[in-house]
Ligand SMILES: N[C@@H](CCC(=O)N[C@@H](CS)C(=O)NCC(=O)O)C(=O)O
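Residue numbers (the working numbering): 425 to 635.
Have a look at this one:
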């Protein structure tokens with residue numbers, strides 16, 4: 425397998441954590457994502473992934489899979505142990521709800537292309553883009569905290585072992601902390617992230633800080 429990826433990418437981090445939990449490896453194919461001239465915006469990479477996003481996984485059969493949740497679930501299907509999804513249908517639905525609350529409602533408003541468009545179309549400066557990001561992270565993580573708190577039954581976000589919800593929560597929480605958020609007002613998230621930081625698959629595959 426090969427993984428189009430970027431080390432600062434939170435969405436890439438999700439896939440790398442899943443690979444590590446499964447004991448799988450994928451050859452890294454780096455794609456730059458920062459700035460107008462980034463490879464993610466060029467025709468070359470767009471011919472690979474029309475969305476111009478990382479991660480994208482190339483299977484051993486040469487099939488491209490895009491979108492981190494689809495990739496993580498693909499890995500869970502080809503390598504079922506350890507399972508990344510809860511045993512019950514309700515548990516699986518909750519895990520996917522939390523993953524999508526992060527991927528589709530928080531993270532989707534933050535990547536480089538969003539900031540570039542806010543600058544180009546609305547003359548937003550760096551402070552305005554940072555305030556935009558802080559708004560969506562603060563509001564979104566507070567909602568995720570409640571989603572977890574309302575149904576929590578084990579040591580992790582959904583149940584007693586790390587899974588899909590944790591894989592999506594961890595990089596977003598690390599990135600929130602780097603933006604200056606204290607996790608303490610979200611006690612379930614803070615506790616779970618503390619536990620995940622002690623697990624090598626999570627620790628080693630956290631998104632790298634932007635330099
Ligand atoms: N929903 C996508 C999000 C992918 C995404 O936004 N990736 C970012 C890096 S974290 C990216 O490639 N950004 C390029 C850009 O914004 O131009 C997923 O879960 O895979």
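All C-beta atoms in this analysis are idealised placements derived from N, C-alpha and C, irrespective of residue type, glycine included.
Model, not experiment: these values are computed from the prediction.
Query raised in the report: Would residue 484 be called buried (16 or more neighbouring beta carbons within 10 Å of its own) or exposed?
Result: exposed
Query raised in the report: Exposed or buried, residue 559, counting other C-beta atoms within 10 Å across all chains shown (16 or more means buried)?
Result: exposed
Query raised in the report: In three-state terms, what does DSSP make of residue 512?
Result: coil
Query raised in the report: When the Cα of residue 488 is compared with those of 562, 586 and 427, which residue comes out closest?
Result: 427
Query raised in the report: When you compare only the Cα positions, how much space is there between residue 529 and residue 564?
Result: 7 Å
Query raised in the report: Looking only at C-alpha atoms, which of 604, 612 and 547 sits nearest to residue 574?
Result: 612
Query - 6 Å CB neighbourhood of residue 431 in its chain, flanking five on each side removed - result: 632
Requested in this report: Rank 470, 475 and 446 by C-alpha distance to the C-alpha of residue 650 and give the top, closest one.
Outcome: Residue 650 is absent from the model: the chain starts at 425 and stops at 635.
Query raised in the report: Does any C-beta atom of chain D lie closer than 8 Å to the C-beta of residue 618?
Result: Considering every chain present, this structure includes no chain D. It has just one protein chain.
Requested in this report: For the alpha helix (DSSP H) holding residue 566, just list the boundary residues, first then last.
Outcome: 550-575
**Report entry** Proximity winner among 449, 623 and 473, relative to residue 586 (alpha-carbon distances)
**Finding:** 623
Requested in this report: May I have the straight-line CA-CA distance separating residue 438 from residue 454, to the nearest angstrom?
Outcome: 16 Å
Query raised in the report: Measuring from the CB of residue 506, is there a heavy atom of ligand 1 at a distance below 7 Å?
Result: no
Requested in this report: Name the two residues that bound the continuous beta strand (DSSP E) containing residue 480.
Outcome: 480-482
Requested in this report: State buried or exposed for residue 596, treating a residue as buried only when at least 16 other CB atoms are found within 10 Å of its CB.
Outcome: buried
**Report entry** Boundaries of the alpha helix (DSSP H) in which residue 532 is found, first to last residue
**Finding:** Unbroken run through residue 532: none, as it is neither H nor E.
**Report entry** Three-pair Cβ contact test at 8 Å for the region 530-541 versus the region 509-521
**Finding:** no
Requested in this report: Below 8 Å on the Cβ atoms is my guess for residue 508 versus residue 490; work out the distance and round it to an integer in Å.
Outcome: Not really, about 18 Å apart at Cβ, beyond 8 Å.
Requested in this report: May I have the straight-line CA-CA distance separating residue 492 from residue 569, to the nearest angstrom?
Outcome: 21 Å
**Report entry** With 16 other Cβ atoms within 10 Å as the buried cut-off, status of residue 471
**Finding:** exposed
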